[in-house]
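In order, the protein sequences belong to chains R and U. Heads up: the first sequence at position 386 corresponds to 386 in the UniProt record's numbering, and the numbers run straight through without jumps. Heads up: the second sequence at position 146 corresponds to 146 in the UniProt record's numbering, and the numbers run straight through without jumps. Note that beta-carbon positions come from the ideal geometry of N, C-alpha and C, so glycine has one too. Notes for the one structure printed next.
Number of protein chains: 2
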Amino acid sequence: MTAPNVNTLWAETLVSELAAGGVDAVCLSPGSRSTPLTVAFAEHPDIEVFSHLDERSAAFFALGRARRTGEPTPLVCTSGTAAANYHPAVIEANQSGVPLLLLTADRPPELIDSGANQTVDQEKLYGDAVRWYRDMPEPEAEPRKMRMLRTTAARALAKSTGRNPGPVHLNCRFRKPLEPTPTPDDDPAGVPADWAGGDDAAEAGRDGPFVSTSEGVATPDERTVRRVQDALRAAERGLIVAGPADQGLSAESLEQLASATGFPVLADPLSGLRFGPHVDRLDVPVCSGYDGYLGSDGVEWSDPDVVVRFGASPTSKPLRHYLRDADCRQFVVDPSGGWPEAEFTATDLLVADEDATADALASGSLGSVAASWRERFARAERIHWDAVDDAAAETYWEGGVLADVAALAPDPATLFVSNSMPIRDMDRFGRPRDADLTVLGNRGASGIDGITSTALGAGSATADPLVLVTGDLAYYHDMNGLLALGRCAVDATVVLVNNDGGGIFHMLPIDDHPTFEDQFRTPHGLDFEPTEALYSLEFERAADRRQFRERFGASVESDGTQVIEVQFDAGDSHAVRDRVARQVGDALGGDR
Amino acid sequence: MTAPNVNTLWAETLVSELAAGGVDAVCLSPGSRSTPLTVAFAEHPDIEVFSHLDERSAAFFALGRARRTGEPTPLVCTSGTAAANYHPAVIEANQSGVPLLLLTADRPPELIDSGANQTVDQEKLYGDAVRWYRDMPEPEAEPRKMRMLRTTAARALAKSTGRNPGPVHLNCRFRKPLEPTPTPDDDPAGVPADWAGGDDAAEAGRDGPFVSTSEGVATPDERTVRRVQDALRAAERGLIVAGPADQGLSAESLEQLASATGFPVLADPLSGLRFGPHVDRLDVPVCSGYDGYLGSDGVEWSDPDVVVRFGASPTSKPLRHYLRDADCRQFVVDPSGGWPEAEFTATDLLVADEDATADALASGSLGSVAASWRERFARAERIHWDAVDDAAAETYWEGGVLADVAALAPDPATLFVSNSMPIRDMDRFGRPRDADLTVLGNRGASGIDGITSTALGAGSATADPLVLVTGDLAYYHDMNGLLALGRCAVDATVVLVNNDGGGIFHMLPIDDHPTFEDQFRTPHGLDFEPTEALYSLEFERAADRRQFRERFGASVESDGTQVIEVQFDAGDSHAVRDRVARQVGDALGGDR
Numbered sequence: 001m002t003a004p005n006v007n008t009l010w011a012e013t014l015v016s017e018l019a020a021g022g023v024d025a026v027c028l029s030p031g032s033r034s035t036p037l038t039v040a041f042a043e044h045p046d047i048e049v050f051s052h053l054d055e056r057s058a059a060f061f062a063l064g065r066a067r068r069t070g071e072p073t074p075l076v077c078t079s080g081t082a083a084a085n086y087h088p089a090v091i092e093a094n095q096s097g098v099p100l101l102l103l104t105a106d107r108p109p110e111l112i113d114s115g116a117n118q119t120v121d122q123e124k125l126y127g128d129a130v131r132w133y134r135d136m137p138e139p140e141a142e143p144r145k146m147r148m149l150r151t152t153a154a155r156a157l158a159k160s161t162g163r164n165p166g167p168v169h170l171n172c173r174f175r176k177p178l179e180p181t182p183t184p185d186d187d188p189a190g191v192p193a194d195w196a197g198g199d200d201a202a203e204a205g206r207d208g209p210f211v212s213t214s215e216g217v218a219t220p221d222e223r224t225v226r227r228v229q230d231a232l233r234a235a236e237r238g239l240i241v242a243g244p245a246d247q248g249l250s251a252e253s254l255e256q257l258a259s260a261t262g263f264p265v266l267a268d269p270l271s272g273l274r275f276g277p278h279v280d281r282l283d284v285p286v287c288s289g290y291d292g293y294l295g296s297d298g299v300e301w302s303d304p305d306v307v308v309r310f311g312a313s314p315t316s317k318p319l320r321h322y323l324r325d326a327d328c329r330q331f332v333v334d335p336s337g338g339w340p341e342a343e344f345t346a347t348d349l350l351v352a353d354e355d356a357t358a359d360a361l362a363s364g365s366l367g368s369v370a371a372s373w374r375e376r377f378a379r380a381e382r383i384h385w386d387a388v389d390d391a392a393a394e395t396y397w398e399g400g401v402l403a404d405v406a407a408l409a410p411d412p413a414t415l416f417v418s419n420s421m422p423i424r425d426m427d428r429f430g431r432p433r434d435a436d437l438t439v440l441g442n443r444g445a446s447g448i449d450g451i452t453s454t455a456l457g458a459g460s461a462t463a464d465p466l467v468l469v470t471g472d473l474a475y476y477h478d479m480n481g482l483l484a485l486g487r488c489a490v491d492a493t494v495v496l497v498n499n500d501g502g503g504i505f506h507m508l509p510i511d512d513h514p515t516f517e518d519q520f521r522t523p524h525g526l527d528f529e530p531t532e533a534l535y536s537l538e539f540e541r542a543a544d545r546r547q548f549r550e551r552f553g554a555s556v557e558s559d560g561t562q563v564i565e566v567q568f569d570a571g572d573s574h575a576v577r578d579r580v581a582r583q584v585g586d587a588l589g590g591d592r
Numbered sequence: 001m002t003a004p005n006v007n008t009l010w011a012e013t014l015v016s017e018l019a020a021g022g023v024d025a026v027c028l029s030p031g032s033r034s035t036p037l038t039v040a041f042a043e044h045p046d047i048e049v050f051s052h053l054d055e056r057s058a059a060f061f062a063l064g065r066a067r068r069t070g071e072p073t074p075l076v077c078t079s080g081t082a083a084a085n086y087h088p089a090v091i092e093a094n095q096s097g098v099p100l101l102l103l104t105a106d107r108p109p110e111l112i113d114s115g116a117n118q119t120v121d122q123e124k125l126y127g128d129a130v131r132w133y134r135d136m137p138e139p140e141a142e143p144r145k146m147r148m149l150r151t152t153a154a155r156a157l158a159k160s161t162g163r164n165p166g167p168v169h170l171n172c173r174f175r176k177p178l179e180p181t182p183t184p185d186d187d188p189a190g191v192p193a194d195w196a197g198g199d200d201a202a203e204a205g206r207d208g209p210f211v212s213t214s215e216g217v218a219t220p221d222e223r224t225v226r227r228v229q230d231a232l233r234a235a236e237r238g239l240i241v242a243g244p245a246d247q248g249l250s251a252e253s254l255e256q257l258a259s260a261t262g263f264p265v266l267a268d269p270l271s272g273l274r275f276g277p278h279v280d281r282l283d284v285p286v287c288s289g290y291d292g293y294l295g296s297d298g299v300e301w302s303d304p305d306v307v308v309r310f311g312a313s314p315t316s317k318p319l320r321h322y323l324r325d326a327d328c329r330q331f332v333v334d335p336s337g338g339w340p341e342a343e344f345t346a347t348d349l350l351v352a353d354e355d356a357t358a359d360a361l362a363s364g365s366l367g368s369v370a371a372s373w374r375e376r377f378a379r380a381e382r383i384h385w386d387a388v389d390d391a392a393a394e395t396y397w398e399g400g401v402l403a404d405v406a407a408l409a410p411d412p413a414t415l416f417v418s419n420s421m422p423i424r425d426m427d428r429f430g431r432p433r434d435a436d437l438t439v440l441g442n443r444g445a446s447g448i449d450g451i452t453s454t455a456l457g458a459g460s461a462t463a464d465p466l467v468l469v470t471g472d473l474a475y476y477h478d479m480n481g482l483l484a485l486g487r488c489a490v491d492a493t494v495v496l497v498n499n500d501g502g503g504i505f506h507m508l509p510i511d512d513h514p515t516f517e518d519q520f521r522t523p524h525g526l527d528f529e530p531t532e533a534l535y536s537l538e539f540e541r542a543a544d545r546r547q548f549r550e551r552f553g554a555s556v557e558s559d560g561t562q563v564i565e566v567q568f569d570a571g572d573s574h575a576v577r578d579r580v581a582r583q584v585g586d587a588l589g590g591d592r
C-alpha cells in the first residue's frame, strides 16, 4: 500500500483493517483535523457513511446501531469540544455494554497546552468509561509502526466487543498535510515507495484481518452446575428473571431452562425475551404485568425460594423491591462479571455465558416447582391484562398507547422505547406476543438525551420497520437527531407522548411542592408540529384511541417517517395507572 | 438554620453561602436526584433561576453569562449522562479561563458500580479540565461538616474566579428523602434542633461570606520593569498585540502604554480593545485590518523588533505567522501563567496582571519608535478600509455583513460572534469605532457547539442589546439553545449567515477533493424558518445590503428576538475576500 502522504497511508491502513474486521459503516462529522480519516472512510468501497453535523447525535446513532447489531460503528470527529459531545453516549455505552469505537482526531503532541487553536487535552477524555484507550503515535511509514496500527485496529474491535463489550477510544494525532496532497519522498510526510523494506504484512496487511481474535465462551464448570441444579431442584417457588440485555440469553436457552425448571419467567421488555414464538410455546407463564401486581397495595406475595437472574437490573422497581425483600438464593448470571444487582441480595455470581449456563443447568431434570406457584403468576397475569384491556377500552391514556404499540407493532420490527415514563409503561403494559420484536432502550444510564438518535441508529442497521416511543422532553432534547431521517435515510414511526414536561415527577413526593411546576414538571409549551417543516417527516396527532391505532397502523405500513403525537395530562395518566393497579390488587386480594 | 431534613439543610446552606459570595443566578435542569439543590436555589429570594431542559445548552448559557460578567452562574443537573452534557462547555471554559461552577447531583457512594439506575461514575468526570474538584461528603447535620460546606462554597467561588479562572466541579451526593419532607429527629436524615451544639457559625454562617478571599494583584518587580522598558525604548518597530481576553487589559492601561511607546496596537475583535473611546483618542493606529494586509501576496512587511502581547493567541492566522516569523523580542503578559503562544517564538513571559504591567511599563518615557513604522500601519489601515468599503458597495457578501454589524451595532451592545467564518470576518472586516461594544466568542476550543446558548447567556447578564452573528452549522448545532429566548426571557438580534454547510472548508486544500461536498462542506439544505414557530422569535431574510441594514437597524431597536438570515454561496464570499486582499496588496505593493 502506498499513498500520497503519510497521513493518507495511515488512515487508509486503519480503515482497511477495520473493514477487514467487519466494520461496514461509520458515523462521520465534518471537521478539518479528521480529514485523513474522513477521506479514507468515505473512499472505502465497503463502508457506508452516515454523516452527522452534531457529534452528540452522531455518537448516540452509532450506539443505536451497535445495540441492534452487537458490532461497533466507528465514530470520527475533529479535535476540540467535538469529542466531548460524544461523552453522554460513551457513558451509556459503558453502562450497558455496547460497543463503540471512538476515533477522535487530535493535534500533534507539540501543540498541546500551547494556546494553539482548537487544541484541548483529549487524553483519556472519557476517563474510566472506556474499555481501552490509546493515544495513537504520529503517523509514520515505518514497518513496525504500521504493523502496530494494523494490530491496534484488530485489538480495538476485539476490546469493544467480546465478553465485556463497551467503548474504545483511539485518539488519532495528525499534523499537516491533512488532505491527500502528494508529498515528496524526502519530506517527513512523504511515503517512499520502498518504505516497508519488503515487509509485506506491514505494507499490504493479510488476507482478512491482521489479527483474528477468538474469545472463548465462558462455561460454568461441572461442580458449579451441580451446585446450582441442586438449589433449583429443591425449590418450590423458583423464578427466572430476565433483565435488560441487548445480546443476552437466547429464547432457545430460556425455553430449555424454563421447561427443565418449570419456573415462571419474568421478562423485562428490554430482555429480548418478552416477545417471540417461545411466548406461546412455553408451558410456564412469560410474565410482564409484574410491575403492576407485585407492587399492589394489599397483595401479599410469597417470597421465591430461588431466583436465576440474567441481564441487567430490571426496569421495574416493584420487581427489584420484591427481589430485595426475598430471603432466598439468588443466582446472577453475567458473562462480564459486572454484577448488576444494586440491592445487594444476590448470593451467587456466575461469570459465564448466559446460554451456556442455561443449557448446562437444563441438562438434568429439575422439576419440582409447586403448580400453585406457577398458577399464581398465570392468574395474576390474566387479571392484570383484563384490567389493562378494560382501561384501554374506557380511557385514552399513556399506558394504553404503549399497550397498543406492543400489540400493533409489525412483525418483525425494531421498537425503541425512551426512558422516563415510556419504558415504565412498556414494562407494565406491553403484553408478550409471538412476534419478532427487538425492543431496545438506553437503560445503562437511563438518560433522556440521545433517544431519537439511538433509535434511528438501531433502525439503520436492519430492514425491519422502526418504531420509536418517546416523550416530549426526550424529543426536544435530541431534536437535532431528526436530521438523520433525511441524511441517513432512516424511516420510522415515532410515537410522541406529549404531556408537556416531566410527567414522571408526578410519581415523586415533590409533586405538591411550590417549586414543582417550574423546576420539576417544567412545562415548555413547545408545539412540535414545525419539526415537520424542518426535517424529513410527517407530523400528525391522534386525538383518540381509534385514531391512534389507525395512524399507527398506516405509518408502519408506509414509507417515510410519521411522528404521531398523542397529548395527555400526566396527572390523568398517573390516575389511570393507579386505578389499574387497584383493580388488579382487589381481584388478587389476599390470595397468595 | 434548621430544615425538614438533612438534604434540605445541606442544600440551603450551600446556596446561602453562594449567595453571600455574590451568586445571583443559577441554571437549573430538571431531575430527581438534584431536588435538594433545585429547591434551595428556586426558593432563595436573591437568586434568579434560568431553567434549561438540555444540559449542554444550560452549560453554555452559564458560560456566556460568566464571559460577560467574570462571575460564575452555578449549574445544577441530575445524576447520569446529564452531567456529561456539560463537558463541551467545561472544556471551553477551561481553555478560555471562564468561571463555571458545576453542581452535579449524584447517588450515595454505596450505589456506585452496582447496577443501580442512573448511577454512573461521576468522579473527576471532566478530568483535568477543572481548576478544582470535590466529591462532596454525604450531607450530615454536624458542625465541622457544615463549616466545611460553607468553606467549600467560598473556595469554589474563589477557585473559579481569581487569577486563573475556570471551571470548578462539586459532585453532590444525596440519598432519599430528596424532597423537603419532614423527617424525625432520630432518623439519620433528620435534623435535631440542637445539632450545631452552640456552633453559631456552623449553623447560621457569618455576616457575609463564611470566608472572604482576597487575591493579590501580581505586579512585575522593578528590575523586570526596567528590563522590559529598556527593550521597548530601544525599539524602532514595536507593536502591541491584544489577543482575545474577556477580562483583560483595560482601555485606560492600553492608552497609557500606547502613548508611552508610540507602538501601533493590533487589536483582536475579542480583545475588548477594538471598540471604545480610546480608538479615536489614541495617536497610534488601532489596527484591525491586519488579517488582510499582513498576509497579502507580494506585500513585504518589515519584522517588528519588539512585541508586547496581551491575551490569548490572536484569531488571525496571518498575524500569528507574522509574529512567528519575526526575529525579535516578544513579551507575553499572562496573569495565569498560561503562556498562550503556540508558535514558540516568545522570549519573555510576564506572569502579572495586564493593567499593572502596562501601567508600570508606561511609567517612564519610552518613545523612540520610527514614525515611518506607525505611518506604515496607518496607511495599510486606510487602504484596507477603502477596499472593504468598495467591496461592500459593490457586492452583498459575508464579509460585508460582518462589517455592517460592527458599524451598526448599538452603543452599548453585547456582540457575540460564532466560530468558523463569522469570527474571522469580524476580525478582518470589523472596523474599530468609538462605541461600547463587548465582543465575545468561544475561542478557547473554537467549537461550533453551544454558540447560541453562550450568546444568550451573555445577553442575560446585562440590559445591553444582544447581537449574535452565527453560521448555519452553529445555528443547527445548538438549536435547542433557542428555547432560552422564551424560558429565560432574553432578547436578541441574530444574524444567521447561511451558506448551507461548512463554508470554511473552502479555505482548505480539500476543496477540490471528490469527498469535499458530502463530507466537508456537508450541505444540509435546512430551511430554518420553522424555528420561528418552534421558538419565541421572528424569522426574516435579507436579500440585499439595504434590506439587511434596515432589518438589522429595526431589530436592535425593537423588543423580542429577530433572526435575520442572509444567504450566500460560500465560494462567492471567498472570492470577494481574495479580491479585497489582492486590492490591498496591490495598493501596498513593495512598500515596506
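Consult DSSP for residue 624 of chain U and reduce its assignment to one of helix, strand or coil. Look at the range of chain U in this structure, 1 to 592, and you will see that residue 624 of chain U is not part of it.
Apart from the five residues just before and just after R:Val563, which ones in its own chain have a Cβ nearer than 6 Å to its Cβ? Val494, Leu496, Leu537, Phe539
Can you round the beta-carbon distance between U:Arg320 and U:Ser313 to whole angstroms, since I take them to be within the 8 Å contact cut? 6 Å
Is the shortest distance between the beta-carbon of R:Asn7 and the beta-carbons of chain U less than 8 Å? no
Contacts around U:Asp54, its chain only, beta-carbon distance under 8 Å, and the 5 residues preceding and following it disregarded: Ser29, Asn85, Asn480, Gly481, Leu483
R:Glu255 versus chain U: which residues are under 8 Å apart at the beta carbon? Those do not exist, as R:Glu255 stays about 26 Å from chain U at its closest Cβ, beyond 8 Å.
Proximal chain U residues relative to R:Gly80, where beta-carbon distance stays under 7 Å: Ala445, Ser446, Gly447
I'd like the span of the alpha helix (DSSP H) that includes R:Gln547, first residue to last. 545-557
With a threshold of 8 Å between beta-carbons, can U:Asn164 be considered close to chain R, or not? no
Look up R:Arg592 in the DSSP assignment and say whether it is helix, strand or coil. Unreliable placement is indicated for R:Arg592, whose pLDDT of 46 sits below 50; no coordinate value is reported for it.
What's the gap between the Cα of U:Ala392 and the Cα of U:Asp305? 35 Å
CB contact below 8 Å: U:Arg592 versus chain R: Interpretation of U:Arg592 is limited by its pLDDT of 46, a score under 50 that renders its predicted location unreliable; the figure taken from the coordinates is listed afterwards. By this cut-off, U:Arg592 is not an interface position.
Just reading off the beta strand (DSSP E) that R:Phe310 is part of, what are its end residues? 306-310
Check the Cβ of R:Ala371 against every Cβ in chain U and list those closer than 9 Å, keeping chain order. Under the 9 Å cutoff, chain U gives no residues; its nearest Cβ is about 33 Å from R:Ala371.
What distance in whole Å lies between the Cβ atoms of R:Arg549 and R:Asp404, which are believed to be in contact at a cut-off of 8 Å? 6 Å
Three-way DSSP call (helix, strand, coil) for U:Val211 in this model: coil
Ordered list of alpha helix (DSSP H) runs contained in the stretch 479-557 of chain U, each at least 4 residues: 483-487, 531-534, 545-557
Could you work out which residue in R:Ala474, R:Thr561, R:Ala93 is closest to R:Gly450 when comparing CA atoms only? R:Ala474
Which class does R:Gln122 belong to by DSSP, given the choice of helix, strand or coil? coil
Per DSSP, cross-strand counterpart(s) of R:Thr470: R:Leu496
DSSP three-state assignment for U:Thr13, whether helix, strand or coil: helix
I want to verify the contact list: residues of chain U whose CB lies under 7 Å from the CB of R:Pro30, in sequence order. Gly502, Gln519, Phe520, Thr522
Using the three-state DSSP reduction, which class does R:Tyr396 fall into: helix, strand or coil? coil
With a floor of 4 residues, list each alpha helix (DSSP H) that falls wholly inside the stretch 417-451 of chain R, ordered by position along the chain. 421-429
Closer than 8 Å to chain U by CB, R:His278: no
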